[in-house]
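In what follows, a structure is listed as structure tokens, so that the remarks can point back to it.
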Amino acid sequence: MSTPATIDFRAFGDEVIELEQRRHRVGGPQLLFAFLAAIAETERENIRESTLEGLDTAARKGKHGGRPPVITEDMLHPCCGAARAASPSSRSSPI
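Residue numbering for the sequence shown follows this note's numbering, beginning at 30 and increasing consecutively.
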């Protein structure tokens, strides 16, 4: 005897309540999403403005953020001098 994949309880006279019915909502989720998107956009603008204000204040105080430079002036000048000496334009042409 094979059993069906689904059982029709109405045949037994019981009332069936479906828990996974699809609810057709017209504008609720879209309206909520638009509202949350507007709040996120406003918050992003506020964060950007406060970041720029903080960077401007720090620059006026003479403080600059970021990593320290890898190549310092002491390292740069000997390299530039050696590169200029080795460049073909600095050599006199035999012509």
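Cβ atoms here follow ideal geometry from the backbone N, Cα and C, with glycine treated the same way.
**Request:** Using three-state DSSP, classify residue 68 as helix, strand or coil.
**Result:** Looking up residue 68 in the sequence shown gives position 39. Three-state DSSP puts residue 68 in a helix.
**Request:** Give me the Cα-Cα distance between residue 96 and residue 104, rounded to the nearest whole angstrom.
**Result:** Position 67 of the sequence shown, counted from the first residue, corresponds to residue 96. Position 75 of the sequence shown, counted from the first residue, corresponds to residue 104. When rounded, the distance between both Cα atoms is 17 Å.
**Item:** For residue 83, the three-state DSSP class (helix, strand or coil)
**Value:** In the sequence shown, residue 83 corresponds to position 54, counting from 1. Reduced to three states, the DSSP call for residue 83 is helix.
**Item:** Whole-angstrom distance between residue 78 and residue 60, CA atom to CA atom
**Value:** Within the sequence shown, the letter at position 31 stands for residue 60. Within the sequence shown, the letter at position 49 stands for residue 78. If you take the alpha carbons of residue 60 and residue 78, they lie about 27 Å apart.
**Message:** Strictly under 7 Å for the Cβ-Cβ distance: is residue 93 near chain D by that measure?
**Reply:** Within the model displayed, chain D is absent; a lone protein chain is all it includes.
**Request:** Whole angstroms is fine: what's the gap from residue 91's alpha carbon to residue 102's?
**Result:** In the sequence shown, residue 91 corresponds to position 62, counting from 1. In the sequence shown, residue 102 corresponds to position 73, counting from 1. Cα to Cα, the separation comes out at about 20 Å.
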